[in-house]
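Structure record follows, encoded as structure tokens.
Protein chains: 2
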Amino acid sequence: MPRVQYNDLIDFGYRLLSKLGFAEDDSLYITENAAFTQAGGVQTHGAVLLANIESQCGSSIDPKHRPKVEREQAGMALIDGQGAAGPVCMRLAVELATRKARETGVAVVSVRNTTWIAGLGAYLAPLAREGFFAQLLAQSSKCLDAAPAGGVDACFSTNPMAIAFPTDADPVVADFSTAAMSMGKANTLAKAGRKSNQPVFFTKAGELTDDPKAVIDGGAMLPAGGDFDGHKGYALAFWIEALTAMAGGSCNNPAGEQRQSFTLIVIWGEAFGNMDWVRSEMHRMTARIHATRPRPGVKSVRLPGERLQTQAARSRTEGVDIADSLLATLNAAAERRGVKPLAAEA
Amino acid sequence: MPRVQYNDLIDFGYRLLSKLGFAEDDSLYITENAAFTQAGGVQTHGAVLLANIESQCGSSIDPKHRPKVEREQAGMALIDGQGAAGPVCMRLAVELATRKARETGVAVVSVRNTTWIAGLGAYLAPLAREGFFAQLLAQSSKCLDAAPAGGVDACFSTNPMAIAFPTDADPVVADFSTAAMSMGKANTLAKAGRKSNQPVFFTKAGELTDDPKAVIDGGAMLPAGGDFDGHKGYALAFWIEALTAMAGGSCNNPAGEQRQSFTLIVIWGEAFGNMDWVRSEMHRMTARIHATRPRPGVKSVRLPGERLQTQAARSRTEGVDIADSLLATLNAAAERRGVKPLAAEA
């Protein structure tokens with residue numbers, strides 16, 4: 422797989438977004454979050470965000486638009502994206518939520534009417550490092566991906582969620598879809614001609630299959646938990662739809678316009694008065710988890726999201742893997758905008 | 422299965438708890454929440470709460486003790502149970518959280534050092550009816566039930582969570598374990614000599630099996646999501662441990678004392694300004710879900726938690742099913758305390 426230097430990726434993203442008309446701090450924020458997930462080895466939710474934003478500039482996204490705070494109370498804010506890119510809204514949401522949570526103990530900020538923010542965990546990692554316990558839940562209003570438990574017709578997007586919290590060392594940052602998998606993963610499997618290791622897809626006719634092409638061709642997938650525990654993913658997916666409605670956004674609506682919504686919930690750990698205890702208990706738990714006997718075929722038991730963070734740290738010095746197709750997509754965007762391409766080693 | 426009249430169950434619980442020394446309003450609150458889950462058909466997390474509390478009165482529970490608010494800010498409170506029963510702490514948590522959320526938009530209340538609260542959803546249903554979006558996450562500090570994803574040794578209790586939100590009709594109330602199943606369900610399967618429909622248990626030796634006896638005999642179970650999606654349940658289980666530490670409670674510790682902790686997060690829907698929109702979007706989504714084609718063997722697609730609520734409503738007029746063994750347990754507790762037994766029709 423081609424590899425780029427971490428700083429070259431940051432530089433590339435910054436130049437592309439600046440050329441599109443984003444402010445300096447927005448360009449850096451977006452690029453750093455995209456680079457974190459890319460450096461963590463996730464080809465579907467990392468640097469592709471840069472190309473995604475480029476493709477929408479002039480239609481869904483205006484780099485000069487600012488998200489608008491529609492309502493505000495001591496512990497909450499409601500933001501309308503108003504044509505600002507998802508991560509620009511996210512930056513404002515983080516600023517508001519962390520400031521409010523430091524004052525009141527907790528804050529919730531919901532954003533409606535915005536665009537894709539890619540990997541959710543990236544936005545939470547810095548918060549957990551500062552001592553926040555954070556949740557982020559995102560929804561896409563138009564995609565037909567996941568069926569409700571017991572059904573075969575898609576009613577939900579893949580509605581992802583992330584959770585993050587401090588430990589005595591790196592924070593724990595977990596990021597997952599409330600559907601059986603992200604559409605990025607389903608597309609990657611399908612392109613490689615691979616199947617899922619369990620049948621988690623439905624054909625349009627409603628037949629269960631391990632072939633990811635089924636969902637791409639207008640079928641559906643099971644909720645998170647798959648065939649055994651799908652009622653749990655279903656409940657979480659619907660919860661995210663409810664938060665979207667709370668924010669004035671559209672619940673899943675194949676007839677509507679494609680918009681994204683998200684809700685950020687942050688709790689200020691210091692409000693509870695004993696972060697030393699948190700660190701000591703997390704130290705004990707993470708040691709115990711690492712000492713757990715692994716299943717056959719598993720080298721060692723890791724913390725949630727640990728692999729991504731470990732790889733992200735390594736990639737900062739050793740370089741960041743970028744799939745051929747992603748590199749081509751990024752450089753096509755660069756060419757359209759007259760920006761110097763991203764140079765990779767083969 | 423024996424059946425009791427709903428009002429007889431309420432009357433029985435009230436009399437038993439009053440005899441134990443609980444205040445009138447605590448007795449009613451505990452009984453009504455236990456009865457809701459029991460009426461919903463859940464034999465493992467309903468009326469058994471009454472017997473559980475009886476068995477701990479004189480050791481872990483003192484009916485006269487009041488939970489203590491250790492810290493408080495505009496949007497948060499930290500409560501130490503101090504020997505008060507779990508549901509008594511829950512009642513205070515709900516009072517504080519809903520009052521604060523109406524003022525600030527959101528509130529989080531964490532409780533440490535308390536006892537079992539049984540079915541979580543019961544406590545959230547009234548909140549969702551009032552217009553709150555609520556989450557409840559609970560932890561037990563000593564049980565060794567669920568392994569981390571990739572491992573075979575139990576590091577977590579079954580750490581349940583519930584979510585609830587308003588619709589245009591009944592609220593959605595979902596309640597599930599972040600392990601593959603509750604220990605109540607595993608015990609029920611084992612007693613009936615039944616297996617799980619998927620291998621989700623580990624023997625002490627670390628072998629995967631569909632036999633629930635494995636976890637009861639000192640093995641473990643997979644996290645929620647089972648073999649396919651266990652990294653998601655693992656992340657949620659660990660999140661609940663982190664919230665426990667935040668509240669000053671003990672993370673899972675087989676060497677420690679058995680205590681329960683829980684965290685309640687409530688968001689006040691009106692703060693976001695458009696509950697009419699919430700109701701209309703929920704009306705559209707619930708209709709769409711109900712119209713989804715069911716999988717073979719499924720009669721119709723239901724909302725999360727719908728079956729429990731429908732059955733609970735029916736049981737209020739037709740009577741509440743109580744398993745033989747549960748009825749015997751309740752009446753043994755009644756006899757110990759000199760309380761008139763619960764009368765059931767065979």
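Going down the list, the protein sequences come from chains D and Y.
Using the numbering used here, the letters of the first sequence map in sequence onto residues 422 to 767.
Using the numbering used here, the letters of the second sequence map in sequence onto residues 422 to 767.
Glycine included, C-beta positions come from ideal geometry on N, C-alpha and C.
Only a predicted model underlies this, so the values are computations on that prediction, with no experimental measurement involved.
Is there a Cβ of chain Y sitting closer than 7 Å to that of L499/D, yes or no? Position 78 of the first sequence holds residue 499/D. Judged by the 7 Å Cβ criterion, L499/D is in contact with chain Y.
Please work out which residues of its chain come closer than 7 Å, Cβ to Cβ, to C478/D, disregarding the five sequence neighbours upstream and downstream, and give them in chain order. Working through the first sequence from its first residue, we reach residue 478/D at position 57. Same-chain partners within the cutoff: L441 and P484.
In chain order, each alpha helix (DSSP H) run of at least 4 residues that lies wholly inside the stretch 458-527 of chain D: 469-477 and 507-525
Contact defined as beta carbons within less than 8 Å: I believe D638/D pairs with P620/D. What is the distance between those atoms, to the nearest angstrom? Here residue 638/D refers to the residue found at position 217 of the first sequence. Here residue 620/D refers to the residue found at position 199 of the first sequence. Contact flag wrong, Cβ pair sits at about 16 Å.
Going by the beta-carbon positions, is the gap between M604/D and V527/Y smaller than 7 Å? Numbered from its first residue, the first sequence carries residue 604/D at position 183. Numbered from its first residue, the second sequence carries residue 527/Y at position 106. No. Outside cutoff.
If you drop the 5 nearest sequence neighbours on each side, which residues of the same chain put their C-beta closer than 6 Å to that of S721/D? In the first sequence, residue 721/D corresponds to position 300, counting from 1. Around S721/D: P715.
According to DSSP, residues forming a beta bridge with A641/D: As a working mapping, residue 641/D is identified with position 220 in the first sequence. BP columns for A641/D point to F623/D.
The beta strand (DSSP E) with I743/Y in it runs from where to where? Here residue 743/Y corresponds to residue number 322 of the second sequence, with the count starting at 1. No beta strand (DSSP E) contains I743/Y, which DSSP labels as neither H nor E.
Are there 16 or more other CB atoms within 10 angstroms of the CB of M706/D, so buried, or fewer, so exposed? For the purposes of this step, residue 706/D is taken as residue 285 along the first sequence, with counting starting at 1. Counting Cβ neighbours within 10 Å, M706/D comes out buried, since at least 16 surround it.
L557/Y and L685/Y: beta carbons closer than 7 Å? Counting from 1 along the second sequence, the entry for residue 557/Y is found at position 136. Counting from 1 along the second sequence, the entry for residue 685/Y is found at position 264. Yes.
Between R436/Y and A753/Y, what straight-line distance do the alpha-carbon atoms span, to the nearest angstrom? Taking the first residue of the second sequence as position 1, residue 436/Y is located at position 15. Taking the first residue of the second sequence as position 1, residue 753/Y is located at position 332. When rounded, the distance between both Cα atoms is 14 Å.
When you compare the stretch 584-601 of chain Y with the stretch 542-554 of chain Y, are there three or more beta-carbon pairs, one atom per stretch, that lie closer than 8 Å? yes
The stretch 633-664 of chain D: which residues have C-beta closer than 8 Å to a C-beta of chain Y, in chain order? A645, G646, G647, D648, F649, D650, H652, K653, G654, Y655, A656, L657, F659, W660, E662, A663 and L664
Could you tell me the boundaries of the alpha helix (DSSP H) in which T713/Y lies? Within the second sequence, residue 713/Y is the residue found at index 292, counting from 1. Taken as a continuous stretch (DSSP letters only), T713/Y belongs to no alpha helix (DSSP H), as it is neither H nor E.
Can you tell me the Cα-Cα spacing of G552/Y and T535/Y, whole angstroms? For the purposes of this step, residue 552/Y is taken as residue 131 along the second sequence, with counting starting at 1. For the purposes of this step, residue 535/Y is taken as residue 114 along the second sequence, with counting starting at 1. When rounded, the distance between both Cα atoms is 28 Å.
Taking any Cβ of chain Y, which residues in the stretch 549-573 of chain D have a Cβ under 9 Å from it, in chain order? F554, Q556, A568, P569, A570, G571, G572 and V573
Give me the chain D residues within the contact set of R709/Y, using Cβ-Cβ distance strictly less than 7 Å, ordered along the chain. Locating residue 709/Y in the second sequence gives position 288, counting from the first residue. Near R709/Y (Cβ distances below 7 Å), the residues of chain D are C576.
Could you list which residues in chain Y have their beta carbon closer than 9 Å to that of I686/D, in chain order? For the purposes of this step, residue 686/D is taken as the residue at position 265 of the first sequence. In chain order: V527, V529, Q556, I686 and I688.
Three-state secondary structure assigned by DSSP to T588/Y: As a working mapping, residue 588/Y is identified with position 167 in the second sequence. Three-state result, T588/Y: coil.
Give the DSSP-derived three-state secondary structure of L629/D in the structure shown. Position 208 of the first sequence, counted from the start, is the residue given in the question as residue 629/D. If DSSP states are grouped into helix, strand and coil, L629/D belongs with the strands.
Taking the beta carbon of H486/Y as the centre, do at least 16 other beta carbons fall within 10 Å, making it buried, or is it exposed? To locate residue 486/Y, count along the second sequence from 1; it is residue 65. It counts as exposed.
Could you give the distance in angstroms between the alpha-carbon of T738/D and the alpha-carbon of T458/D? Position 317 of the first sequence, counted from the start, is the residue given in the question as residue 738/D. Position 37 of the first sequence, counted from the start, is the residue given in the question as residue 458/D. Going by the C-alpha atoms only, they are around 15 Å apart.
Per the contact definition of three or more C-beta pairs closer than 8 Å, is the stretch 511-523 of chain D in contact with the stretch 682-697 of chain D? yes
Counting only beta-carbon separations shorter than 7 Å, does P768/Y have a partner in chain D? The requested residue 768/Y is not part of the displayed model; chain Y covers only 422 to 767.
Among R758/Y, G504/Y, R523/Y and A767/Y, which residue has its Cα nearest to the Cα of W537/Y? Counted from its first residue, the second sequence places residue 537/Y at position 116. Cα-wise, what sits closest to W537/Y is G504/Y.
Who are the neighbours of G694/Y on chain D, taking C-beta pairs under 8 Å? Here residue 694/Y refers to the residue found at position 273 when the second sequence is read from its first residue. By Cβ distance, chain D contributes E491, R492, L499 and G669.
Decide if R757/Y is buried, meaning its Cβ has at least 16 other Cβ atoms within 10 Å, or exposed. For the purposes of this step, residue 757/Y is taken as the residue at position 336 of the second sequence. The residue in question, R757/Y, is exposed, as its Cβ has fewer than 16 Cβ neighbours within 10 Å.
Any beta carbon from chain Y within less than 7 Å of M604/D's own beta carbon? What you label residue 604/D is simply residue 183 of the first sequence in a count that begins at 1. Cβ-Cβ to chain Y under 7 Å: no for M604/D.
Which residue comes first and which comes last in the beta strand (DSSP E) that contains L557/Y? The count along the second sequence starts at 1 and reaches residue 557/Y at position 136. It spans F553 to S561 - the beta strand (DSSP E) in which L557/Y sits, taken as one unbroken run.
Of all the CB atoms in chain Y, is at least one closer than 7 Å to the CB of V463/D? By one-based count along the first sequence, residue 463/D stands at place 42. So no, V463/D is outside the interface.
Any chance the stretch 644-662 of chain D sits against the stretch 451-471 of chain D, with 3 or more Cβ pairs inside 8 Å? no
Buried or exposed by the 16-neighbour rule on C-beta atoms within 10 Å, applied to K606/Y: As a working mapping, residue 606/Y is identified with position 185 in the second sequence. K606/Y should be labelled buried.
Any beta-carbon of chain Y closer than 7 Å to the one on A600/D? In the first sequence, residue 600/D corresponds to position 179, counting from 1. So, not an interface residue.
Taking the beta carbon of G614/Y as the centre, do at least 16 other beta carbons fall within 10 Å, making it buried, or is it exposed? Within the second sequence, residue 614/Y is the residue found at index 193, counting from 1. Exposed: under 16 other Cβ atoms inside 10 Å.
Compute the Euclidean distance between the alpha carbons of N674/D and E702/D, then round it to the nearest angstrom. Counting from 1 along the first sequence, the entry for residue 674/D is found at position 253. Counting from 1 along the first sequence, the entry for residue 702/D is found at position 281. Distance between the alpha carbons of N674/D and E702/D: 44 Å.
Roughly how many angstroms lie between the CA atoms of I710/Y and A559/Y, to the nearest whole one? By 1-based counting over the second sequence, the position of residue 710/Y is 289. By 1-based counting over the second sequence, the position of residue 559/Y is 138. Rounded to whole angstroms, I710/Y to A559/Y spans 29 Å at the Cα level.
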